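What follows is a short report on a single structure.
Protein chains: 2
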Amino acid sequence: MKASQFLITTLKEAPADAEVVSHQLMTRAGMIRKLGAGIYNYMPMGLRVIQKVEAIVREEMNRAGAVEMTMPVVQPAELWQETGRFEKMGPELLRIKDRHERDYIIQPTSEEVVTDVARQELRSYKQLPKNLYQIQTKFRDERRPRFGLMRGREFIMKDAYSFDRDEAGAKASYQVMAAAYRRIFDRFGLKYRAVAADSGAIGGDLSEEFQVIAATGEDAIVYCPASDYAANMEKAEALAPAGPRPAPANPMVKTPTPGKSTCADVAEYLGVPLATTVKSLVLATDELNEAGEIVRSQVWLLLLRGDHDMNEVKVSKVPGLDKGFRFASIPEIDAHFGCKPGYLGPVGLKQPLKIVADREVAVMADWICGSNEPDFHTTGVNWGRDLPEPDLVADLRNVVEGDPSPDGKGALAIERGIEVGHVFYLGTKYSKAMNATFLDTDGKPKHFEMGCYGIGITRLPAAAIEQNHDERGIVWPDAIAPFTVVVCPVGADRSEAVKAAADELYAGLLAAGVDVILDDRGERPGAMFADWELIGVPHRVTIGDRGLKEGMVEYQHRRDAAATKVPAAEALAFVKGRLGV
Amino acid sequence: MKASQFLITTLKEAPADAEVVSHQLMTRAGMIRKLGAGIYNYMPMGLRVIQKVEAIVREEMNRAGAVEMTMPVVQPAELWQETGRFEKMGPELLRIKDRHERDYIIQPTSEEVVTDVARQELRSYKQLPKNLYQIQTKFRDERRPRFGLMRGREFIMKDAYSFDRDEAGAKASYQVMAAAYRRIFDRFGLKYRAVAADSGAIGGDLSEEFQVIAATGEDAIVYCPASDYAANMEKAEALAPAGPRPAPANPMVKTPTPGKSTCADVAEYLGVPLATTVKSLVLATDELNEAGEIVRSQVWLLLLRGDHDMNEVKVSKVPGLDKGFRFASIPEIDAHFGCKPGYLGPVGLKQPLKIVADREVAVMADWICGSNEPDFHTTGVNWGRDLPEPDLVADLRNVVEGDPSPDGKGALAIERGIEVGHVFYLGTKYSKAMNATFLDTDGKPKHFEMGCYGIGITRLPAAAIEQNHDERGIVWPDAIAPFTVVVCPVGADRSEAVKAAADELYAGLLAAGVDVILDDRGERPGAMFADWELIGVPHRVTIGDRGLKEGMVEYQHRRDAAATKVPAAEALAFVKGRLGV
């Protein structure tokens with residue numbers, strides 16, 4: 001490609017609404033242009049990256065035996081009504097009406113359509129297993145789209161769906177995909193982790209997120225540097241402390257803590273470690289009658305150590321809370337504690353309630369909690385002596401750096417990541433909802449066992465940039481760079497030799513199958529280099545008159561601090577060597 | 001690809017709503033599945049064809065210097081309001097609202113968005129010419145979608161838009177595209193014609209349709225077998241007859257024609273050639289005031305020979321009718337003719353009106369028309385003698401087979417075609433509406449000169465099938481076949497030799513880069529052959545035990561009546577020879 005024939009539209013400034021670096025740099029590098037909230041033109045420079053991502057994904061999906069098809073962007077509502085998602089999903093499902101006032105949606109994913117395909121086309125166990133995928137435009141009507149391609153409304157996703165005879169088959173298909181994802185992410189050339197994720201109501205451990213590591217990532221990733229354990233924050237288990245609960249050492253004392261309503265404030269005010277405080281979270285569950293009216297409510301008190309955060313996914317698995325819960329109302333809190341939030345505690349309740357202690361809290365002695373009286377906390381609180389043992393003990397909290405790894409192989413570390421892939425065992429959730437069956441070996445209809453597997457094709461470049469950039473711009477891995485090599489002649493308009501050498505190197509690289517761009521725009525060197533450093537092409541060869549007179553050209557990798565002189569006659573071989581071609 | 005790993009879903013019967021052969025065969029061959037009215041899943045077998053079409057289009061567009069980008073499927077209404085198309089377009093423009101009740105459309109094309117890109121990114125004449133294209137999902141909410149991919153609502157289109165400094169540049173860009181389209185259609189391996197088309201209000205001759213020839217095509221294509229003249233029916237000019245008008249030979253006579261209200265009935269009843277009759281078409285034009293109310297109407301009488309059809313595009317170019325016209329109302333007809341339609345004629349009018357005679361009618365003598373009295377026609381009518389010369393003479397009709405070619409090189413022939421591509425010079429229509437300018441050499445802003453260029457990516461396979469099929473199924477050209485070669489082992493489960501020979505040929509073809517499928521499903525030969533003939537893979541090699549014992553396999557092209565025996569040892573070389581690889 002010659003730059004003069006391409007469309008290079010770099011900008012000096014990022015738009016005011018670009019909050020994250022990938023959004024800023026993709027805009028400045030001319031890779032995307034905003035058309036509306038969360039809706040972007042993929043400009044030629046950006047589309048090249050997207051197409052390289054697509055090509056790698058397609059190749060590895062095909063290698064893994066998946067079969068590509070394309071499902072419509074605009075889908076009739078009927079299938080979505082079969083699973084109930086047409087009604088249940090929030091406004092992020094864009095619902096539309098056609099000229100005949102019939103209901104349609106714009107696909108956010110395609111479980112319904114692919115399950116409909118399966119129930120029509122996969123009639124016999126002989127056709128299984130089958131994995132159908134598409135790389136297609138999706139739309140999610142986010143309330144507050146932002147961060148460029150990181151959280152757009154319109155985006156491209158690769159979504160795959162596996163269909164198997166039985167659970168063992170589905171799990172094998174899941175593993176085939178998980179292995180393919182590792183190959184895909186390896187080929188992208190990015191640092192990433194496959195982390196265990198919560199599989200929600202489906203159960204089992206078959207859910208992994210593929211997280212691109214980046215300091216700016218929105219997800220916390222928990223891993224064990226001493227082993228291959230990795231999980232997302234929702235999933236990572238906080239083990240029960242190893243030792244037994246210490247014996248009480250102090251008497252229980254009510255202490256004034258005027259205006260100190262948080263554990264941190266109380267600890268600081270009392271001059272004690274935050275880890276000696278316990279916070280009280282009050283939840284409620286409702287029992288409904290058939291008309292959906294609340295007939296009975298139960299209030300729950302969750303106790304966590306003052307320096308720990310509640311993990312909603314874990315709480316939602318506590319027996320009794322697993323059918324749904326809400327935060328308690330002020331009247332409910334008042335009825336049980338006789339006090340407003342900020343000074344609550346489990347001692348001296350007005351009405352009984354269910355107490356769930358975090359594993360950590362369950363083995364604490366001499367702890368501090370609210371006294372159920374404004375401006376007072378109680379110190380030296382002890383299970384058994386000052387209040388009954390908790391009704392339940394459970395893992396309720398997010399792990400923190402240094403917690404023991406659930407695999408027993410060391411301490412946990414935490415880093416941040418951007419989720420760009422997800423593999424998930426679905427079981428029969430959709431096949432039962434849509435009565436999608438095949439005839440099994442015994443001639444009887446059986447519901448498909450399914451899995452689903454996504455990769456955010458347009459999100460991946462943004463994640464790659466969050467991980468790989470510097471103050472000058474993007475630093476692409478070779479595999480997904482818009483161009484692998486840029487040849488920059490300096491003063492080609494003044495020097496025939498420069499022009500000839502640049503043309504020759506360009507032609508040589510093209511002939512070797514290298515994705516090379518020749519910058520023949522005639523820009524000044526400073527502007528030209530700034531453009532390519534912003535755009536992030538990994539390999540650059542600069543050819544100038546002065547160097548040529550000494551028989552030299554300059555090679556610089558985007559990560560190199562300075563250029564390397566290379567004999568002009570060896571330039572082609574040198575670059576090919578760097579690329580391994 | 002091995003068939004067992006692919007998804008082959010052939011059907012014995014076509015769906016009841018499949019009216020055209022391409023819809024029937026694509027459904028039966030498992031290439032598409034209907035999801036809703038005009039909305040289809042592109043099944044794996046069909047997607048392979050679509051992807052081959054896309055790849056050829058992309059390669060030739062790039063070769064022609066066009067630059068690929070992707071514009072969103074969901075587009076904000078604002079840009080469409082700038083050109084007025086948001087309001088002006090009919091309900092085929094699918095208008096939607098997002099969760100914030102803001103207006104969007106699903107793109108049917110992208111003139112507005114690409115013009116917006118140009119006015120932001122192409123600031124200087126130095127960046128021109130530029131041609132931006134995309135291969136992307138489109139939606140047109142057809143009232144009555146049908147014919148499968150031939151007239152779907154959701155479809156894939158390649159749309160390109162050129163931007164130039166001036167008209168000469170735009171015309172050069174147009175010619176570059178027209179040449180690229182010829183290369184593209186040549187590569188598809190289809191019989192096609194590039195035909196001149198009407199360019200509407202834009203003017204000039206720069207509009208060509210690329211029509212795939214098929215007896216079932218919906219468009220009539222006019223061409224001259226003795227030259228390269230080709231045009232669509234709207235555009236093809238009917239020349240004025242060469243000779244002068246004959247002198248009147250007969251007196252004008254009112255003749256009873258009871259109940260004969262059409263020219264054909266009258267000619268038959270009177271025993272005269274249909275070409276001696278003249279039909280009367282009554283139109284009206286309205287003059288509006290600023291409030292859009294009709295202040296004055298003018299009635300027009302168009303006269304065409306009884307055996308000729310009116311051409312609406314040509315009529316819309318007649319001076320006075322070129323601002324829009326309608327058919328006259330019954331009261332208007334009564335006021336001017338004093339008679340109901342069916343017996344109208346230009347002689348003895350109650351009120352004057354504008355008479356426009358087709359070129360052919362203008363040189364007729366002794367013709368027959370209605371008497372403006374029910375059940376009567378008048379014979380022997382002559383211009384000048386019986387009524388004044390017409391106000392205007394114009395080409396008003398569709399050409400017919402045998403008309404002289406406008407290039408003077410012979411007689412016209414007519415065949416049928418399916419439009420799958422269109423190249424069009426747009427001028428400044430969109431750049432002026434959206435004030436899209438660049439700075440020209442003189443430093444002053446100037447509106448872009450534009451062209452637009454479409455190819456119906458998902459329509460092309462349907463058109464290819466309309467052209468290439470037989471009673472057994474589809475016959476694909478090599479370039480866009482879902483697979484180029486199928487290897488069919490017969491009885492591989494019983495014969496190791498068959499299995500080994502098939503595997504070896506399959507591996508050899510794969511290694512040669514041939515797109516080959518090995519049918520390892522274990523189907524009976526009859527079912528297997530029927531599948532591949534239906535699917536239309538052009539080259540088939542059958543390997544059976546009996547043949548192998550004689551050292552032979554069988555090759556058959558999809559168009560061959562019978563198989564050819566080929567020595568097994570030479571099978572690979574034979575097939576490669578047939579493919580030219």
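Residue numbers (this note's numbering), protein chains in the order written: chain A, 1 to 581; chain B, 1 to 581.
Each residue gets a CB set at the ideal place from its N, CA and C atoms; glycine is no exception.
Since we're looking at a predicted model, the values are computed, not measured.
C-beta neighbour in chain A for B:Asn41, strict 9 Å: yes
Residue from B:Glu332, B:Asn232 and B:Glu312 whose Cα sits closest to the Cα of B:Asp358: B:Glu312
Endpoints, the beta strand (DSSP E) within which A:Lys158 is located: Glu154 to Asp164
Cβ of A:Glu154 within 9 Å of any chain B Cβ: yes
B:Gly652 vs B:Leu47 beta-carbon contact at 9 Å: Coverage of chain B is limited to positions 1 through 581, which leaves residue 652 of chain B absent and any answer about it impossible.
Same chain, Cβ closer than 7 Å to A:Gly348, neighbours up to 5 away in sequence not counted: Cβ neighbours of A:Gly348 beyond the five flanking positions: Asn372.
9 Å Cβ cut-off: residues of chain A touching B:Gly536: Going along chain A, no residue has its Cβ under 9 Å from B:Gly536, so there is no contact; the nearest lies around 19 Å.
Cross-chain neighbours of B:Met71 in chain A, by beta carbon under 9 Å: The contacting residues are Leu35, Asn41 and Tyr42.
Residues near A:Met71 in its chain [Cβ-Cβ closer than 6 Å; skip 5 each side]: Ser110, Val113 and Gln134
Local Cβ density within 10 Å of B:Val498, reported as buried at 16 or more and exposed below that: buried
Nonlocal neighbours in the same chain, by C-beta distance under 8 Å from B:Ile480, ignoring five residues either side: Val49, Lys52, Val53, Ile56, Phe188, Gly189, Leu460, Pro461 and Ala464.
Identified DSSP bridge partners for B:Leu597: Residue coverage of chain B in this structure runs from 1 to 581, which leaves residue 597 of chain B outside it and unanswerable.
Exposure of A:Glu59, with buried meaning 16 or more beta-carbon neighbours within 10 Å: exposed
Contacting positions in the segment 541-554 of chain B - beta carbon closer than 7 Å to chain A: none
Classification of A:Gln81 by the beta-carbon crowding that lies within 10 angstroms, buried from 16 upward: exposed
Contact check, A:Cys339 vs A:Pro390, beta carbons under 9 Å: no
Member of B:Pro248, B:Gly65 and B:Val399 whose CA lies at the smallest distance from the CA of B:Lys314: B:Val399
C-beta neighbour in chain B for A:Asp98, strict 9 Å: yes
When B:Phe327, B:His377, B:Pro404 and B:Phe325 are compared against B:Glu360, the one with the closest alpha-carbon: B:Pro404
Short CB-CB distance (under 9 Å) between A:Thr9 and chain B: Chain B has a Cβ within less than 9 Å of the Cβ of A:Thr9.
Run of the beta strand (DSSP E) containing B:Arg540, from where it starts to where it stops: His539 to Gly544
Below-9 Å beta-carbon distance, A:Asp166 vs any chain B residue: no
For A:Ala230: DSSP bridge partner residues: A:Ala230 is bridged to A:Tyr223.
Exposed unless 16 or more other CB atoms sit within 10 angstroms - verdict on A:Val253: exposed
Residue from B:Leu281, B:Arg397 and B:Tyr229 with nearest C-alpha to B:Lys354: B:Leu281
Nonlocal neighbours in the same chain, by C-beta distance under 6 Å from B:Arg296, ignoring five residues either side: Glu287
9 Å Cβ cutoff, B:Gly583 in contact with chain A: Because chain B here runs from 1 to 581, residue 583 of chain B falls outside it and cannot be looked at.
Straight-line gap, B:Tyr161 to B:Lys88 (C-alpha atoms, nearest Å): When rounded, the separation of the alpha-carbon atoms in B:Tyr161 and B:Lys88 is 22 Å.
Bounding residues of the alpha helix (DSSP H) (the contiguous stretch that carries B:Thr115): Glu111 to Glu121
Within 7 Å of chain A by C-beta, residues of the segment 74-99 of chain B in sequence order: Val74, Gln75, Pro76, Pro91, Leu94, Ile96, Asp98 and Arg99
Opposing strand residues paired with A:Ser207 [DSSP bridges]: A:Phe424
Min CB distance B:Tyr430 to chain A below 9 Å: Chain A contact via Cβ: absent.
Extent of the continuous alpha helix (DSSP H) run through B:Glu332: Ile330 to Phe337 is the extent of the alpha helix (DSSP H) around B:Glu332.
Identified DSSP bridge partners for A:Ser124: Under DSSP, A:Ser124 forms a beta bridge with A:Leu439.
Closer than 9 Å to chain B by CB, A:Val581: no
Assigned secondary structure, A:Ala413 (DSSP; H/G/I helix, E/B strand, else coil): strand
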